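>
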Amino acid sequence: MDIIVCIKHVPETAEAEIKIDRSGKAIEKTGLVFDINEWDDYVLEEAVRIKEKFGGTVTAITVNTEEANRTLRKCLARGADKAIRLTDTKFENSDGYAIAKILHSVIKDLSFDLVLTGVLASDDGYTMVGSILAELLGISHSTMVKKIEFGDGVARVNRELEGGLEEIVEVKLPAVLTIQTGINEPRYVSIMGIRKAMKKEIKVLSLADTGLSANEVGEAGSWLKIDELFIPPVEKQAEFFSGTPERIATKIAELLKSRGLI
Amino acid sequence: MREIFVLAEHRQGQIRDITFEMLTKGAELTEKTNTCLTAILLGKDAKKHAETLSTYAENVLLIEDERLENFNSEIYQKILSQLINKKKPLLTFIGHTSYGVDLAPSLATKLNLPLATDCIDLTFNGETLGVTRQMYGGKVNVKATIRKSESYIITVRQATFTAQKPTMNGEIIEIASPLSEEIPKTRFIKYLLPSSGDIDITAADIIVSIGRGIKDVSNKPIIEELAKTLGGVLACSRPIVDKGWLSSDRQVGTSGKTVKPKLYLALGISGAFQHILGMKNSDIIIAINKDPNAPIFNFANYGVVEDLFKVVPFIKEKIIELKSVRTQS
Ligand SMILES: Cc1cc2nc3c(=O)[nH]c(=O)nc-3n(C[C@H](O)[C@H](O)[C@H](O)COP(=O)(O)OP(=O)(O)OC[C@H]3O[C@@H](n4cnc5c(N)ncnc54)[C@H](O)[C@@H]3O)c2cc1C
Chain X
176 MDIIVCIKHV PETAEAEIKI DRSGKAIEKT GLVFDINEWD DYVLEEAVRI KEKFGGTVTA
236 ITVNTEEANR TLRKCLARGA DKAIRLTDTK FENSDGYAIA KILHSVIKDL SFDLVLTGVL
296 ASDDGYTMVG SILAELLGIS HSTMVKKIEF GDGVARVNRE LEGGLEEIVE VKLPAVLTIQ
356 TGINEPRYVS IMGIRKAMKK EIKVLSLADT GLSANEVGEA GSWLKIDELF IPPVEKQAEF
416 FSGTPERIAT KIAELLKSRG LI
Chain A
13 MREIFVLAEH RQGQIRDITF EMLTKGAELT EKTNTCLTAI LLGKDAKKHA ETLSTYAENV
73 LLIEDERLEN FNSEIYQKIL SQLINKKKPL LTFIGHTSYG VDLAPSLATK LNLPLATDCI
133 DLTFNGETLG VTRQMYGGKV NVKATIRKSE SYIITVRQAT FTAQKPTMNG EIIEIASPLS
193 EEIPKTRFIK YLLPSSGDID ITAADIIVSI GRGIKDVSNK PIIEELAKTL GGVLACSRPI
253 VDKGWLSSDR QVGTSGKTVK PKLYLALGIS GAFQHILGMK NSDIIIAINK DPNAPIFNFA
313 NYGVVEDLFK VVPFIKEKII ELKSVRTQS
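Right under this line is the structure:
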């Protein structure tokens, strides 16, 4: 089974202080640690597991600057066979639609049975690349996938619905599946893997190689144009307890007592 | 008159809340854009739903077909692309739900119409449509403009708009199913109900909930002890279940449980909206997080900006102290 995985290199922001940059349209990236998108971690693992079970290849693709080589190397170290990076200044400010078109320009000429993407990327959260890609490729898709099994020319997948409910859906192959967190337990990178990955080549392609025109990518080729970023307004500001940890604990305990909770 | 479409979402015989939220927002927009509101209902034996929807919209387009009993994005896409092509609505609302995200992006691509996903607000400025979305797990909001088009598609975040009481008396328009005999490439097989675990967190008065901030599963017992001291139960955010540190029946949020305890103590949880939706109606929310900008503080009643591991042992100690005072007196 030949599998293509679409991977994104993103800043880790859960614990970081976020500042909006001077353009007002992006966040200040300096000082942030970048790594593989949380969802894509599961994507890669799922692809490698399928390959280990059925044979075949895993090709990792990303659209980004050289910065993202680190994440592609990680994919290679964890079992991807090939890596492709698409890069061009014209790709800047692409939304999920433009990114899907760029990915499509390469994937359409590759041979594959399955394309896996994350449900979304933790930075812009569009939740659209996988299923747009499927439509452009003219193949079926299923999203929010939490389990994959294979039958005769089909994938049987569990899709996550709300409230813990799931549905089982059968999808004809080839297909694009978008992977939800928790589908597997991503492995750690082995030293052997890292050594092997260093020797593998990362193929680099630019706009000219995609066959797309400049106005099909970047902001011009996007559905959305970002006007401004701002810090969300506070719905209900908490009352903060401060002081030493012991003092804080006392205040919490007293609060709970006053509310009859202890 | 041009229309605003709202795709009704339903499952297992129930219209889902997001539908009424979108209809309410849609009605507000029709006044400003001089359009009328049309609910699109695709289903099997769905007349009852159509009647409900007609109290929220001027028109209900009802298409009934055996094959529409359960959601199927491929079939929905076939029907909706025909309807949108024919009627050219100013805007089509779809929920940013498991169903909506399976449908909207490929539908928009097929129709070559621009789509904005997971919107928390939208405004028309003449013919241009501006939306507000979130980035970076809710730490940043973004205002964006959708590429100018004669027809737009958006997906809307759940529980963002408040559904109002119904006020309309709309017309139900039945349309013959346009589906051909062609066999779809995607097939619904069945639902899988969540496994019922050993504990029902929705019944608890006190919930101590852990997030990725607890860093390692080896730290779980410290929090478990605190929960026990408080007479509460342990719950968690999604990553804790994804990592296998707690079973899925302990997860709070859109893809887990919705809880309303007297006390929700959130430890090392950032406050992504998917989590917030599952706990924001708790009586008292106390959040401990070392990041002063964590979104959870916008929803908590009480906040502590501190390393949770420094505070938790003291909380346990103080509670034991106060409890013993009570038993003595
Ligand atoms: C379709 C979909 C459905 C989802 N459903 C759910 C759901 O049902 N429930 C859910 O919870 N999530 C859900 N999510 C995931 C959600 O978007 C977030 O990724 C998740 O809630 C983040 O969990 P977290 O807050 O534990 O982790 P993070 O966002 O990583 O936050 C960890 C927090 O811990 C703090 N911290 C770290 N160390 C310490 C310390 N020593 N002391 C104090 N604080 C510390 C950090 O400052 C940070 O704020 C869903 C996502 C999608 C796409």
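Protein chains in written order, with my numbering: chain X, 176 to 437; chain A, 13 to 341.
Each residue gets a CB set at the ideal place from its N, CA and C atoms; glycine is no exception.
This structure is a prediction, so every number in the text was calculated from the model and none was measured.
I'd like to check one pair, A:Gly280 with A:Ile213: are the Cβ atoms closer than 7 Å?
No, the pair does not count as a contact, with Cβ atoms beyond the cut-off.
> Is A:Leu53 closer than 7 Å to A:Leu65 when the C-beta atoms are compared?
In this structure, A:Leu53 lies closer than 7 Å to A:Leu65 by Cβ.
> Between the C-alpha atoms of X:His279 and X:Ala350, what's the straight-line distance to the nearest angstrom?
X:His279 and X:Ala350: Cα-Cα distance of roughly 13 Å.
> What is the DSSP secondary structure of X:Ile343, reduced to helix, strand or coil?
Of the three classes helix, strand and coil, the one that applies to X:Ile343 here is strand, per DSSP.
> May I have the straight-line CA-CA distance separating A:Lys90 from A:Leu191, to the nearest angstrom?
Cα to Cα, the separation comes out at about 8 Å.
> Do X:Ala330 and X:Leu312 come within 7 Å of each other at the CB atom, strictly closer than that value?
Not closer than 7 Å, so no.
> Considering only heavy atoms of ligand 1 and the C-beta of each residue, which residues fall inside 5 Å, strictly closer?
Working through the chain, the matches are X:Ala189, X:Glu190, A:Gly223, A:Arg224, A:Gly225, A:Ser249, A:Arg250, A:Pro251, A:Gly265, A:Thr266, A:Ser267, A:Gly268, A:Gly280, A:Ile281, A:Ser282, A:Ala284, A:Gln286, A:His287, A:Asn301, A:Lys302, A:Asp303, A:Ala306, A:Asp319, A:Leu320.
> Rounded to whole angstroms, what's the CA-CA distance from A:Thr36 to X:Gly206? Just pull it up for me.
In a straight line, the C-alpha of A:Thr36 is about 43 Å away from that of X:Gly206.
> Hey, quick one: how far does the beta strand (DSSP E) through A:Phe17 stretch, first residue to last?
That run of the beta strand (DSSP E) goes 15–19.
> Taking buried to mean at least 16 other C-beta atoms within 10 Å of its own C-beta, is X:Lys265 buried or exposed?
Buried, because 16 or more other Cβ atoms sit within 10 Å of the Cβ of X:Lys265.
> Report the CB separation of A:Leu102 from A:Ser163 in whole angstroms; it is logged as a contact under 8 Å.
Confirmed, Cβ separation roughly 7 Å.
> So if DSSP puts X:Arg197 in a beta bridge, which residue, or which two residues, is it bridged to?
According to DSSP, X:Arg197 bridges with nothing at all.
> Against chain X, which members of the segment 246–278 of chain A pass a CB distance test of less than 8 Å?
Under the 8 Å Cβ criterion, the segment 246–278 of chain A contributes Arg250, Pro251, Val253, Asp254, Lys255, Gly256, Ser260, Asp261, Gln263, Thr266, Ser267, Gly268, Lys269, Thr270, Lys274, Leu275.
> Could you tell me which residues DSSP pairs with X:Phe415 in its beta bridges?
Answer is A:Gly315, bridged to X:Phe415.
> Whose CA, out of X:Gln412, X:Glu190, X:Val223, X:Trp398, lies closest to the CA of X:Ala273?
Comparing Cα-Cα distances from X:Ala273 to each of X:Gln412, X:Glu190, X:Val223, X:Trp398, the minimum goes to X:Trp398.
> Please name the residues in the segment 142–163 of chain A whose beta-carbon is closer than 8 Å to at least one beta-carbon of chain X, in chain order.
So the close ones are Gly142, Val143, Arg145, Gln146, Met147, Tyr148, Gly149, Gly150, Lys151, Val152, Asn153, Val154, Lys155, Ala156, Thr157, Ile158, Arg159.
> Leaving out the 5 sequence neighbours to the left and right, which residues in its chain are closer than 8 Å to A:Lys328 when beta-carbon positions are compared?
So the list reads Glu237, Leu238, Thr241, once near-sequence residues are dropped.
> On the CB-based measure, 16 or more other CB atoms within 10 Å of its CB, does A:Gln26 come out buried or exposed?
With fewer than 16 Cβ atoms within 10 Å of its Cβ, A:Gln26 is classed as exposed.
> Give the interface partners of X:Asn333 over in chain A, defined as CB-CB distance under 7 Å, in chain order.
Simply Leu204.
> Specify, as a first and last residue, the run of the alpha helix (DSSP H) that X:Ala424 falls within.
Element bounds for X:Ala424: 420–433.
> What are the residues that DSSP puts in a beta bridge with X:Leu399?
X:Leu399 pairs with A:Ile158.
> Does the segment 290–299 of chain X come within contact of the segment 162–181 of chain A, defined as at least 3 CB pairs closer than 8 Å?
No contact exists between the segment 290–299 of chain X and the segment 162–181 of chain A.
> Are the Cβ atoms of A:Thr198 and X:Thr302 separated by less than 7 Å?
Cβ distance not < 7 Å, so A:Thr198 and X:Thr302 don't count as in contact.
> Taking C-beta to C-beta, are X:Thr237 and X:Ile307 nearer than 7 Å?
It is not a contact, given that the beta carbons lie outside the stated cut-off.
> Can you pull out the residues from the segment 274–302 of chain X whose beta carbon lies closer than 7 Å to at least one beta carbon of chain A?
Residues Ser297, Asp298, Asp299, Gly300, Tyr301, Thr302.
> Quick one: list the residues of chain X neighbouring A:Thr109, beta-carbon separation under 9 Å, in chain order.
Those within 9 Å of A:Thr109 in chain X are Leu336, Glu337.
> Whose CA, out of X:Leu336, X:Ala255, X:Asn268, lies closest to the CA of A:Gly112?
When only C-alpha atoms are compared, the closest one is X:Leu336.
> By a C-beta neighbour count over all protein chains shown, 10 Å radius and 16 as the cutoff for buried, is X:Ala383 buried or exposed?
Exposed, because fewer than 16 other Cβ atoms sit within 10 Å of the Cβ of X:Ala383.
> How would you label X:Gln412, buried or exposed, when you count the other beta carbons within 10 angstroms and need 16 or more for buried?
So X:Gln412 counts as exposed.
> Measure the alpha-carbon distance for A:Pro325 versus A:Leu19 and round it to whole angstroms.
Looking at the two C-alpha atoms, the distance is approximately 50 Å.
> Under 7 Å, do A:Pro126 and A:Ser161 count as touching if we go by C-beta distance?
It is a contact, given that the beta carbons lie within the stated cut-off.
> Let me confirm a value: A:Ser85 is counted as buried when at least 16 other C-beta atoms fall within 10 Å, else exposed. Which label applies?
Counting Cβ neighbours within 10 Å, A:Ser85 comes out buried, since at least 16 surround it.
> Less than 7 Å between CB atoms is the rule here; does A:Ser282 satisfy it with respect to chain X?
Yes, because at least one Cβ of chain X sits closer than 7 Å to the Cβ of A:Ser282.
> When you compare the CB positions of X:Val233 and X:Ala275, do they come within less than 7 Å of one another, or not?
In this structure, X:Ala275 does not lie closer than 7 Å to X:Val233 by Cβ.
> When you compare only the Cα positions, how much space is there between A:Ser368 and X:Lys226?
Residue 368 of chain A is absent from the structure shown; chain A starts at 13 and stops at 341.
> If you draw a straight line from the C-alpha of A:Val154 to the C-alpha of A:Tyr148, how long is it?
A:Val154 and A:Tyr148: Cα-Cα distance of roughly 10 Å.
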